[in-house]
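Asker: Sequence lines, in order, name chains A, B and C.
Residues 0 to 350 in numbering that gives the first Met the number 0 are what the first sequence spells out, letter by letter.
Residues 0 to 136 in numbering that gives the first Met the number 0 are what the second sequence spells out, letter by letter.
Residues 0 to 366 in numbering that gives the first Met the number 0 are what the third sequence spells out, letter by letter.
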Amino acid sequence: MDALNNLFVNIAAAIRGLFADSHSFGADLSINIIVFIMLFLIMVVAALFLSLVERKFAHWVSQRSGPNRLGPHGWFQFIADAVKMLGKEDITPANVDKFLFKMAPMMLVGVTLMVFGVIPFGEEMVAIDLDLGILYFFAVSSLTTLGILMAGWASNNKYSLLGGLRAVAQMISYEIPLIFSLLGVVMITQTFNLSAIIEAQKTIPFIFLQPLAFLIFLIAGIAETNRAPFDHVQGEQEIVAGPFTEYSGLRWGLFMLAEYGNVVATSAIAVTMFLGGWYGPEFLPGWLWFILKIWLVIFLMMWVRWTFVRMRIDHLMHFAWKILLPLALVNIFLTGLGIYVYDLFIVRIGG
Amino acid sequence: MFGKGLLKGLSITIKRLYGPNLTEYYPEVKPILPSRTRSSMVLEPEKCISCGLCVNACPNQVIILTSEKDDKNKKVLQTYHMNMGRCLLCGLCTEACPTKALKLCQVYENAVYHREELLWDMMARSKQANISSGKVE
Amino acid sequence: MMIEGTQEYSLNMGPQHPSTHGVFRMVVHLDGEVVTKVEPKIGYLHRGLEKMAESRTYTQFIPYTDRLDYLAGPHNSLGYVQAVEKLMDTEVPERAEYLRIIFAELGRIASHLVMIASGSLDISGWTPWSYCFRDRERILDLFEMTAGNRMTPNYFRIGGVSQDVPEEFMPALKSFLEDMPEMIEEYYGIFFGNEIAQSRMKSVGILPKELAENLLITGANLRASGVQYDVRKAEPYGIYDRFDFEIPVLYGCDTYDRHFIRLLEIQESKKIIEQAYKDIPAGPVMTKVPKVLKPPVGKVYHRVENPKGEMGWYIVSNGSTKPARVRIRTGAFVNVQMLPEIVKGWKIQDLVTIFASMDLVLGEVDK
């Protein structure tokens, strides 16, 4: 079990062992390149697979079978989708801002990939073990807004512009409850480092200590990744496809990649902060537990998406500023109170 | 109050998620249509008496038929064409047919690549066994 | 309100847009996302049905009536054949009358199911949409096994119906009626009872009673604005006077009520079908009519309560086999005029919901 648990760590150590000095510049560089490629593959495969699972889920809920042609019960459909996306014609409409139009999808994918850098998939299995991991996550993921606005503005399409402006309004509003909901965890653990936060959950996952914060994080996370019931940015019934209306082929595929990549990243952060990361019963290796928990969160998000209808845009804003933010503040207050009482208690008993 | 309806919705979807699947695997499993379904036309030229009632009954002038008189002064069908591009498949022609030579059938894969192929030669089609039987194989 | 130097934003929605329900086109003037003005543009599905009627015999026009409101084919045909029968003074056999009522009301249920489905789809409720279509499919199967086609059954004839129902029809109808309460509960649970959907639709797009009456709005849209008016009760046609049913009326005047009243009407239609199922007599389904119909010279106006609103048939006969003039008053066409009145000041996403709540079918609007 230990060997399985440390499989990837051992592989990395073995690669480092190929170099004379295992901490030389060359060893660091090659390890970083390998990790980068691995992360990219994880993101692409996860996003493609997720797009298939989403369709399957939607169809099961509505008593249909979903994609069912390629492979057993259609489970290889995502490969066909990827190939199709690569083969489609890439159209750049006339009168678009060509530079921004082409930059936007690349930027979104790049930003999503950067988020994956700090996610600890297992013990010591993190690409960059930043001390300010959470702060980095928020700083980077808020750049997504810019990418979507770029796409909306550059497309020179009225629907796209509406979608881009909606994205700015919505995503900036929901970032605040998102950040505030995590402060409770940070107060308990006294660190921003994601690995250290998981270490602190060895005995009890923080979802039991911070259930309210988990709920706020899940809601704000769904809004942050633009999924129903908060999918105003795309809102296909209103503004066709929002900022992505004019995109086709691989560029459109990159948008989808970024979107599903963001879903995986947000779920991974939820698992890290609230569900105890790689800790789980011993019969499975830690990194597998981490992936399973990510899927659990994704399942929750899909379940919500295919049940609820889209909220009204003014209710959306009210919900962020008048309900979620005060609740997050209450949560911080309660956490502070709890820590204070706990400290008093410990001091009494200990003293 | 707020949230009760949401939970009810979630319980319905989770119940349906594990429920049975109602759709058909179409090209592999073909549905059996009811015997009255109007999806295609079939002619039995032996029964046809070239009375032309179907031509008159049709709202869209779909049917074009020609006939010749034989030595007993009886009409014999020469050609029978249907322009399916204009056909509503309303079935009024089959209701008008006194000898039930023109019938509806349940062949529903009628798509063609060219517009000209929509002009059906009903006499030639009746010779193709699977179509004239009027049944889906 | 508008700051100097800013401009109104005009957005062309349709004829190809995900939620214009066909080929409706509207030019929307926006201030930000707030709608200041909407200009409906119709006519993309105009097929000239009134003119077509003049060039076809009375019987030949029946298949076309199904294509007016293609979601509830039987009820349009019902209006037409009853108008011609009125003109010719034809008696219809009892069994045919009952079958007509069953089919017309099944068509109403199917139409309302599509309305609820597309209304939920327009606010991104994909799952309620597929549940409604799942159950509508059973109605269409009933149509298919009896009349031969799903959406355009072409079942009614002048003087009766084209053929009697097959023997498997009645058991299938019974099991459908038995399953209906469960279906309605499901729609309520997933869509109408959902607080997000309610907050999305309640008090949006108010159509006050006076405005509705002044704009000649008919059908469920009028009844959701607090006017209890239904041609089936006000001027019973066919054998509607024999059935015991209510005319549901709601006083909210908003989008939610315009959706919810359809659910109530489905329940009333179910009551009518249940009574017809119980009382239906045996006997012929077609009376003796001449092969070539030549109604006497004269004119007739007949109106029926179509699922989309009041439908009127004005037929002028000059004694020949073809009508001299046919004029169709369709409910949906008249109902379009409420759109510019009630969307002012709402956001673009409310425009989509309000449009869905009007329950337009472009086949009926453009004729």
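Glycine included, every Cβ here is placed at the ideal spot set by N, Cα and C.
Quick check on N67 of chain A - is its C-beta less than 8 angstroms from some C-beta in chain B?
Answerer: The sequence position of residue 67 of chain A within the first sequence is 68, counting from 1. At least one chain B Cβ lies under 8 angstroms of N67 of chain A.
Asker: Hey, out of C:H20, C:H74, C:C131, C:D88, whose CA is closest to I100 of chain C's CA?
Answerer: What you label residue 100 of chain C is simply residue 101 of the third sequence in a count that begins at 1. Among C:H20, C:H74, C:C131, C:D88, the Cα nearest to that of I100 of chain C belongs to C:H74.
Asker: Taking the alpha-carbon positions, what's the N59 of chain B to K290 of chain C distance?
Answerer: Here the question's residue 59 of chain B lines up with position 60 in the second sequence. Here the question's residue 290 of chain C lines up with position 291 in the third sequence. Going from the Cα of N59 of chain B to the Cα of K290 of chain C covers about 18 angstroms.
Asker: So, under 8 angstroms CB-CB, M51 of chain C and Y63 of chain C are touching, yes? Tell me the CB distance rounded to an integer number of Å.
Answerer: Taking the third sequence and counting its residues from 1, one reaches residue 51 of chain C at position 52. Taking the third sequence and counting its residues from 1, one reaches residue 63 of chain C at position 64. With a Cβ gap of about 6 angstroms, M51 of chain C and Y63 of chain C count as contacting.
Asker: Roughly how many angstroms lie between the CA atoms of I345 of chain A and F205 of chain A, to the nearest whole one?
Answerer: Against the first sequence, residue 345 of chain A aligns to sequence position 346. Against the first sequence, residue 205 of chain A aligns to sequence position 206. Roughly 19 angstroms separates the two Cα atoms.
Asker: Please check if any C-beta of chain B sits within less than 8 angstroms of the C-beta of N5 of chain A.
Answerer: Taking the first residue of the first sequence as position 1, residue 5 of chain A is located at position 6. No, no contact with chain B.
Asker: Is the shortest distance between the beta-carbon of P30 of chain B and the beta-carbons of chain A less than 8 angstroms?
Answerer: By one-based count along the second sequence, residue 30 of chain B stands at place 31. No, no contact with chain A.
Asker: Quick check on N55 of chain B: does DSSP put it in helix, strand or coil?
Answerer: Mapped onto the second sequence, residue 55 of chain B falls at position 56. Residue state, collapsed to three classes: helix.
Asker: Is R35 of chain B close to chain A, meaning its C-beta is less than 8 angstroms from at least one C-beta of that chain?
Answerer: Counting from one through the second sequence, the residue named residue 35 of chain B turns up at place 36. It does not: the Cβ of R35 of chain B has no partner Cβ on chain A nearer than 8 angstroms.
Asker: Restricting to Cα atoms, I'd like to know which of C:T151, C:M87, C:V22 is closest to L67 of chain C.
Answerer: By 1-based counting over the third sequence, the position of residue 67 of chain C is 68. Nearest option by C-alpha distance: C:T151.
Asker: Using three-state DSSP, classify V135 of chain B as helix, strand or coil.
Answerer: Taking the second sequence and counting its residues from 1, one reaches residue 135 of chain B at position 136. Only weak support exists for where V135 of chain B lies, its pLDDT of 42 falling under 50; the value from the coordinates is given anyway. It is coil, neither helix nor strand.
Asker: Check each candidate in B:L9, B:S34, B:P44 and name the one with the smallest Cα separation from K74 of chain B.
Answerer: Position 75 of the second sequence, counted from the start, is the residue given in the question as residue 74 of chain B. Minimum Cα distance to K74 of chain B is reached at B:P44.
Asker: Check M12 of chain C in the structure and name its three-state DSSP category.
Answerer: Numbered from its first residue, the third sequence carries residue 12 of chain C at position 13. Three-state DSSP puts M12 of chain C in a strand.
Asker: Using DSSP's beta-bridge definition, name the partner residues of W119 of chain B.
Answerer: Here residue 119 of chain B is taken as the residue at index 120 of the second sequence, counted from 1. DSSP, once it has assigned bridges, lists B:M81 as partnering W119 of chain B.
Asker: What is the residue span of the beta strand (DSSP E) that W312 of chain C lies within?
Answerer: Taking the first residue of the third sequence as position 1, residue 312 of chain C is located at position 313. W312 of chain C -> beta strand (DSSP E) spans 308-316.
Asker: What does a CB cutoff of less than 6 angstroms around F318 of chain A pick up in its chain, not counting 5 residues either side in sequence?
Answerer: Looking up residue 318 of chain A in the first sequence gives position 319. Once the five neighbours on either side are set aside, F318 of chain A has no close Cβ partner at all.
Asker: Pick out whichever of A:M300, A:H22, A:N31 has its Cα sitting closest to the Cα of I13 of chain B.
Answerer: Locating residue 13 of chain B in the second sequence gives position 14, counting from the first residue. Nearest option by C-alpha distance: A:M300.
Asker: Buried or exposed: which applies to N213 of chain C, given that a residue is buried once 16 or more other Cβ atoms fall within 10 Å of its Cβ?
Answerer: Here residue 213 of chain C is taken as the residue at index 214 of the third sequence, counted from 1. Its Cβ having fewer than 16 others within 10 Å, N213 of chain C is exposed.
Asker: Below 8 angstroms between beta carbons: does that hold for L361 of chain C and V34 of chain C?
Answerer: As a working note, residue 361 of chain C is residue 362 in the third sequence. As a working note, residue 34 of chain C is residue 35 in the third sequence. In this structure, V34 of chain C does not lie closer than 8 angstroms to L361 of chain C by Cβ.
Asker: Can you tell me which of the three DSSP states D70 of chain B falls into?
Answerer: Stepping through the second sequence from its first residue, residue 70 of chain B is reached at position 71. Coil, per DSSP.
Asker: Strictly below 7 angstroms CB to CB, what residues from chain C border I11 of chain B?
Answerer: Translated into positions along the second sequence, residue 11 of chain B becomes position 12. Going along chain C in sequence order, the residues near I11 of chain B (Cβ under 7 angstroms) are E185, G188, I189.
Asker: Could you spell out where the alpha helix (DSSP H) holding T111 of chain A opens and where it closes?
Answerer: Taking the first sequence and counting its residues from 1, the one referred to as residue 111 of chain A is at position 112. 97-115 is the extent of the alpha helix (DSSP H) around T111 of chain A.
Asker: Could you list the residues in the segment 152-165 of chain A with a C-beta less than 7 angstroms from some C-beta on chain C, going in chain order?
Answerer: So the list reads K157, L161, given in the order they occur along the chain.
Asker: Any C-beta of chain C sitting closer than 8 angstroms to the C-beta of G4 of chain B?
Answerer: Within the second sequence, the letter at position 5 stands for residue 4 of chain B. It does: the Cβ of G4 of chain B has a partner Cβ on chain C nearer than 8 angstroms.
Asker: I want to know whether the segment 253-268 of chain C touches the segment 348-356 of chain C - three or more CB-CB distances under 8 angstroms.
Answerer: Yes, the segment 253-268 of chain C touches the segment 348-356 of chain C.
Asker: Would a C-beta distance cut-off of 8 angstroms place G276 of chain A and V270 of chain A closer than the cut-off?
Answerer: The count along the first sequence starts at 1 and reaches residue 276 of chain A at position 277. The count along the first sequence starts at 1 and reaches residue 270 of chain A at position 271. It is a contact, given that the beta carbons lie within the stated cut-off.
Asker: Along the segment 338-349 of chain C, what residues have a CB closer than 8 angstroms to any CB found in chain A?
Answerer: The segment 338-349 of chain C vs chain A, Cβ under 8 angstroms: K346, I347, Q348, D349.
Asker: Any beta-carbon of chain A closer than 8 angstroms to the one on V351 of chain C?
Answerer: To locate residue 351 of chain C, count along the third sequence from 1; it is residue 352. Answer yes: the Cβ-Cβ gap between V351 of chain C and chain A drops below 8 angstroms somewhere.
Asker: Name the chain B residues that come within less than 9 angstroms of R63 of chain A, Cβ to Cβ?
Answerer: Residue 63 of chain A sits at position 64 when you count from the first residue of the first sequence. Those within 9 angstroms of R63 of chain A in chain B are N20, L21, T22.
Asker: Could you list the residues in the segment 231-247 of chain A with a C-beta less than 8 angstroms from some C-beta on chain C, going in chain order?
Answerer: Here the close residues are H231, G234, E235, Q236, E237, I238, V239.
Asker: Are any of the Cβ atoms in chain B nearer than 8 angstroms to that of W302 of chain A?
Answerer: Taking the first residue of the first sequence as position 1, residue 302 of chain A is located at position 303. It does; some Cβ of chain B falls within 8 angstroms.
Asker: Hey, out of C:S123, C:S174, C:Q6, whose CA is closest to E273 of chain C's CA?
Answerer: Looking up residue 273 of chain C in the third sequence gives position 274. Of C:S123, C:S174, C:Q6, the residue nearest in Cα terms is C:S174.
Asker: Under 7 angstroms between beta-carbons, which chain A residues line up against P17 of chain C? List them in chain order, please.
Answerer: Looking up residue 17 of chain C in the third sequence gives position 18. The contacting residues are E235, Q236, V239.
Asker: Taking the alpha-carbon positions, what's the K293 of chain C to D121 of chain C distance?
Answerer: The residue labelled residue 293 of chain C in the question sits at position 294 within the third sequence. The residue labelled residue 121 of chain C in the question sits at position 122 within the third sequence. Going from the Cα of K293 of chain C to the Cα of D121 of chain C covers about 47 angstroms.
Asker: What did DSSP end up calling Y130 of chain C once you bin it into helix, strand or coil?
Answerer: Counting from 1 along the third sequence, the entry for residue 130 of chain C is found at position 131. Y130 of chain C: helix per DSSP, three-state reduction.
Asker: Who are the Cβ neighbours of C86 of chain B in its own chain at under 6 angstroms, not counting the five residues just before and after it?
Answerer: Residue numbering aside, residue 86 of chain B sits at position 87 when the second sequence is read from its first letter. So the qualifying residues of the chain are V61.
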